[in-house]
Amino acid sequence: MKYVFVLDESKCVACSACAVACMDQNDIDPLAGDIPFRAAFVDEQGPVEDPKFTFLSIACMHCENAPCMIACPTGCLKKDPETGFTVFDNTNCIGCHSCAMACPFAQPCFNDNSGKMTKCDGCVERVKRGMQPACVKVCPFGALSLVSESEYQELMRTDARKKISYKILD
Amino acid sequence: MTELERLQKAKIPCPETGIEIRHTVCDICTPGPQCGIDAFIKDGKVIKVEGTDGFPTNDGVLCTKGAASRQYIYREDRLKTPMKRAGARGEGRFEPISWEDAMAVCAEELNKVKANHGPEAVTFLCGYSKWFRPWLQRLAYSFGSPNYITESSTCHTAEVMSYTSLFGTYSMPDLRNAKMIMSWGSNGVINSYPMGRAVLAMKAQGGKLVVIDPRRTHLAVKYADLYLQPKIGSDAAIAHAMAKIMIEEERYDKAFVDKYCYGFEKYANYVSHFSLSRAEEISGVPAGDIRKALDMFLETDPSTVLPGNGLTHRINGYNIHRAILSLMALSGRYDRPGTMMPARKTLCESDAGFDSLEHDFYMSRWPQNARPRVGSERFPLWTKLLHDRQGQGMDLIRHMEEGTPYPLKAMVCFGVNDRMYLESPRFLAGLDRMDFVVATDIFHTDVINHADIVLPASTSFERSEVKCYMGQFLYYTRPAISPVHDNKDDVEIITLLANALDLDDDLLRSGYDKTVQHMLSTSGIEDWEAVKNSPLPVRAPNAKRYIPGTQLREGFKTPTGKIELSCSVLEEIGRPDLDPLPIHKSSDDDADPAKYPFVLMSGARIPNAVHSRTHNVPWLRSLRPNPSVDINPADAERLGIKQGDTVRIVSTVSSITVKANISSISNVGDVNMFHGYKEANINSIIPVDHLDPYTGFPGYKQLRCRIEKVEDRP
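Line order of the protein sequences matches chains R and L.
Just so we're aligned, residue 242 is where the first sequence starts under the working numbering, counting upward by one.
Just so we're aligned, residue 1106 is where the second sequence starts under the working numbering, counting upward by one.
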């Protein structure tokens, strides 16, 4: 079954619990300058009298035709056939950053001193064993979820129907 | 990678990896909403944590701080062994000492102070965590000292006083059944996510949310149907204007008020002076918005206000909080589902559905003939209103410095944080005046450096304890791991002290299990081993659901037996500066606004911190590495300050240097600063006497200050 990470923006307050769970799961050491594979943001835009705030949690989108995979000259990245996650084996990584430059979300990172790429693997081993990814599991407001591709399609259809009905009502 | 390596890297609990899950609780924040934790254990060490599925408070999830539990319990600055001071006070030089020797020194020194200066000269002071409070209180009283003081002198107690003076008991909004919530100075989604989740659940079911907050909070910008942004400290004027409308337009619950309220005439007369236009002038909130908020509150039933703790952190904070609660009384919204409900306590501020012997456990040892406890003369309302007889710690610095009405000579500290005290360096200097200081803590804090004997405490992961949860649950945890160092849990340490001091108190000397089972002997539980062995919380046989309306039927535990819109205890005290009515009054200090044009608000929560407890946890600190002050973009532009610039916050007392965070979370003219940083301790710049005369609470959230740009040297 292929999976999709979904962020329900209406529930996210950018508290970063997801980022901390990621650090715990993946033994990330910020003191060494390392960063988690998921991060939360507050964005503030617009006039001072009436600013607009956006709260987001961002990680690898596990794209279908992943640009990072195409960009990598040494074939470190691949799609996991079971989950559809973009996973990696950085044994042959030459640290060229091509993947990071190709990624529209700047996700691949070069954490430890080895200079090799690491990234979110969707907690693939957990998911294969029926567990949730660490970031999804921790989220105090249920903003993050991991759904199957068919569930995702259904979500999108419902969402589209809602938008249309609002338009009609307007 | 082999299959086993993959499993190990992913920390999958299974026989192949040898990783097992043990249950415990997170004890990083308050004793209230503590959350169940699944600790992933490998070779006796925690390698990961998750929330426990099905647990009453958190049901599988965790907050930002709780998710960092692993780094918290393995913080490098944990105290590793008992120590005695080797250098000068404050120098931080120590040498290891055995537990036996440490106890012998404590007993000798404390008994010496008792013999020479009386037992009152020894103060028993409690900070974080809080789970051992009843034991420390009994230790103080059995020793003969009335001076049991907690950091709730700055945190929760003013709220309790406000609720108690109106309703006779601590109360809580019933968020789960409310159809409309007026969240007043509370950012639930960040400061207590179980509360935030309840607010959002109400919204999801079609309920309406009004947010009144001087800060443009997450709750305000994202979830409010109506947001009011008052000037800091103007809240009572808004509440009074609402009350005036309710009374004059006869929209208040007359039958309820006639039957259950005391002081209505006086109160009604007072609030009649608060027209909408006057409230607008004082608060800066458009009159129309105040009326709209009131309409939403009254047109939905049940509805409730959700008053934030921070409201009490102004020098007129007690009155502000009471003014807001008065709206609940006026609208007849008390003691029925979805409104304000009386709160019950079983153990450590939390409820398991039955009355325990906790209060009796310490009060039975109250030293009858002792000299008055710290702060009791300066803050008479505190003294008269509180049933648990703590001292008011905000008078401690004065008491230590002046030595009146009697000198303080020794301090027994448990988890004490000097940075919660105003002009904090004076607190540490006060410690240095003591003949003897013993300090227990999980971590090597500032206070530790000023102690003679240091005792290392354990975290919730390393101990066994009973926790109570709403829904009549009771949970007896077992240690998930062995002590990380040569540390003991706080109650074990209190038991050792009680024995070393040779106190005439066999119960306290018998240790945690016997004392907690004594306090909870009213639970109906007979087989405590079975409770201990249960992996999840259990229900006590004697636990009963509270039946709404019981309080109304049985009468209120106030002196008049009614809800007091005018506080009869204050009428009796009769001090001219303490008004029985919840009056509006400026909470400003008298600093010159021309020199100090900004209003500082400190202590409002950020997601990754609770007081000073998590500033040294790298995962959490990495989310907001620099102590930063939130400045409105308009003010920043005017002062030529850009994001990340170094700025100085200057008060009449002192200054600190921090980074600027440009955000309209701060209103124009206000600045916000989180507290508890060692290198930028905001409370060090708040004058020591900037206190609410009713409660003694510090005015953390309203102080005049100035912002200066600091040119970074290249």
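A virtual CB, placed ideally from N, CA and C, is assigned to each residue, including glycine.
Since the structure is predicted, the reported quantities are computational estimates derived from the model, not experimental observations.
Mind listing the chain L neighbours of residue i? Cutoff is C-beta to C-beta under 8 Å, in chain order.
i: R:C301; result: Per Cβ cutoff of 8 Å: no residues; R:C301 is ~16 Å from chain L at best.
i: R:C364; result: A1115
i: R:F329; result: Under the 8 Å cutoff, chain L gives no residues; its nearest Cβ is about 11 Å from R:F329.
How would you list, in chain order, the residues of chain R whose beta-carbon sits under 8 Å from the beta-carbon of residue i?
i: L:H1720; result: Under the 8 Å cutoff, chain R gives no residues; its nearest Cβ is about 13 Å from L:H1720.
i: L:G1165; result: K378
i: L:W1240; result: Within chain R, no residue comes near L:W1240; the closest Cβ sits about 31 Å away, beyond 8 Å.
i: L:C1168; result: C256, A258, P381
i: L:G1156; result: K378, V379
i: L:H1549; result: Those do not exist, as L:H1549 stays about 18 Å from chain R at its closest Cβ, beyond 8 Å.
i: L:R1175; result: D265
Tell me the residue span of the beta strand (DSSP E) that contains residue i.
i: L:I1152; result: 1150 to 1156
i: L:S1872; result: The question about residue 1872 of chain L has no answer, for chain L in this structure spans 1106 to 1819.
i: L:G1141; result: 1141 to 1147
i: L:C1518; result: 1515 to 1519
i: L:M1266; result: Looking at the DSSP string, L:M1266 is not in any beta strand (DSSP E); the run it does join, the alpha helix (DSSP H), is 1262 to 1272.
i: R:L297; result: 293 to 299
i: L:H1590; result: Careful: L:H1590 lies outside any beta strand (DSSP E) and carries neither H nor E.
i: L:I1286; result: 1285 to 1289
i: L:F1063; result: This structure cannot speak to residue 1063 of chain L, because chain L is shown only from 1106 to 1819.
Run through chain R and tell me which residues come within less than 7 Å of residue i, C-beta to C-beta.
i: L:A1585; result: Going along chain R, no residue has its Cβ under 7 Å from L:A1585, so there is no contact; the nearest lies around 15 Å.
i: L:C1131; result: Those do not exist, as L:C1131 stays about 12 Å from chain R at its closest Cβ, beyond 7 Å.
i: L:N1647; result: By Cβ distance, chain R contributes nothing, its closest Cβ being about 33 Å from L:N1647, past 7 Å.
i: L:P1712; result: C256, S257
i: L:V1543; result: Those within 7 Å of L:V1543 in chain R number zero; the least Cβ separation is about 32 Å.
i: L:V1326; result: F294
Quick check on the DSSP output: the alpha helix (DSSP H) that includes residue i runs from which residue to which?
i: L:F1229; result: No alpha helix (DSSP H) holds L:F1229; the beta strand (DSSP E) holding it covers 1227 to 1231.
i: R:C263; result: 258 to 267
i: L:W1724; result: 1723 to 1726
i: R:G311; result: The sequence as given places Ile at residue 311 of chain R; Gly does not occur at that position. Taken as a continuous stretch (DSSP letters only), the alpha helix (DSSP H) holding R:I311 covers 308 to 312.
i: L:I1502; result: 1501 to 1507
Going along chain R, which residues have a C-beta under 9 Å from residue i?
i: L:P1738; result: E285, V289, P292
i: L:L1744; result: Ordered by position in chain R, no residue passes the 9 Å Cβ test against L:L1744, which lies about 14 Å from the chain.
Run the CB neighbour count on residue i, radius 10 Å, all protein chains shown included, and call it buried at 16 or more, exposed below.
i: L:N1638; result: exposed
i: L:T1655; result: exposed
i: L:L1432; result: buried
i: L:P1732; result: buried
i: L:Y1581; result: buried
i: L:G1660; result: exposed
i: L:T1509; result: exposed
i: L:T1107; result: exposed
i: L:G1535; result: buried
i: L:Y1511; result: exposed
i: L:A1346; result: buried
i: L:E1528; result: buried
i: L:L1305; result: buried
i: L:S1388; result: buried
i: R:N352; result: buried
i: L:F1484; result: buried
What residues of chain L sit near residue i, judged by a beta carbon separation below 9 Å?
i: R:R367; result: A1115, K1116, I1117
i: R:M358; result: The contacting residues do not exist; R:M358 stays about 16 Å from chain L at best.
Check the Cβ of residue i against every Cβ in chain L and list those closer than 7 Å, keeping chain order.
i: R:M264; result: W1724
i: R:R370; result: I1117
i: R:L272; result: P1723
For the stretch 1418 to 1478 of chain L, which segments carrying the alpha helix (DSSP H) assignment without a break, of at least 4 residues, lie completely within its bounds, in sequence order? 1422 to 1435, 1463 to 1468
Does the stretch 1452 to 1460 of chain L touch the stretch 1713 to 1722 of chain L, meaning 3 or more C-beta pairs lie closer than 8 Å? no
Given 8 Å, three or more beta-carbon pairs between the stretch 1751 to 1766 of chain L and the stretch 1318 to 1327 of chain L: At 8 Å Cβ cutoff, the stretches do not touch.
Write down every uninterrupted run of the alpha helix (DSSP H) in the stretch 1524 to 1562 of chain L whose length is 4 residues or greater and which is fully enclosed by it, in chain order. 1529 to 1538
Which runs of the alpha helix (DSSP H) fall wholly inside the stretch 1372 to 1415 of chain L and span at least 4 residues, in chain order? Those alpha helix (DSSP H) runs which fall completely within the stretch 1372 to 1415 of chain L and span 4+ residues are 1381 to 1388, 1392 to 1404.
Please give me, in chain order, every unbroken run of the beta strand (DSSP E) with length at least 3 that falls completely inside the stretch 1160 to 1220 of chain L. Counting whole runs of 3 or more residues, the stretch 1160 to 1220 of chain L contains the beta strand (DSSP E) stretches 1188 to 1190, 1199 to 1201.
Cβ pair count under 8 Å reaching 3, the stretch 1624 to 1644 of chain L against the stretch 1484 to 1499 of chain L: no
At least 3 beta-carbon pairs within less than 8 Å: the stretch 1737 to 1747 of chain L vs the stretch 1772 to 1787 of chain L: yes
Counting Cβ pairs closer than 8 Å, one from the stretch 319 to 330 of chain R and one from the stretch 243 to 254 of chain R, do we hit at least three? With the cut-off at 8 Å, the stretch 319 to 330 of chain R and the stretch 243 to 254 of chain R touch.
Does the contact criterion of 3 or more C-beta pairs under 8 Å hold for the stretch 1207 to 1215 of chain L versus the stretch 1536 to 1555 of chain L? As far as the Cβ criterion goes, the stretch 1207 to 1215 of chain L touches the stretch 1536 to 1555 of chain L, which means the pair count is three or higher.
contact_flag[the stretch 265 to 282 of chain R, the stretch 355 to 374 of chain R] where n(CB pairs < 8 Å) is 3 or more: yes
Identify every run of the alpha helix (DSSP H) within the stretch 335 to 395 of chain R, keeping only runs that are complete inside it and at least 4 residues long; order them along the chain. 339 to 343, 365 to 369, 375 to 379
Mind listing, in chain order, the continuous alpha helix (DSSP H) runs of no fewer than 4 residues lying wholly within the stretch 1622 to 1687 of chain L? Taking 4 residues as the minimum length, the alpha helix (DSSP H) runs contained wholly in the stretch 1622 to 1687 of chain L are 1633 to 1638, 1655 to 1659, 1673 to 1678, in order along the chain.
Does the structure place the stretch 376 to 392 of chain R close enough to the stretch 245 to 264 of chain R that three or more beta carbon pairs sit under 8 Å? yes
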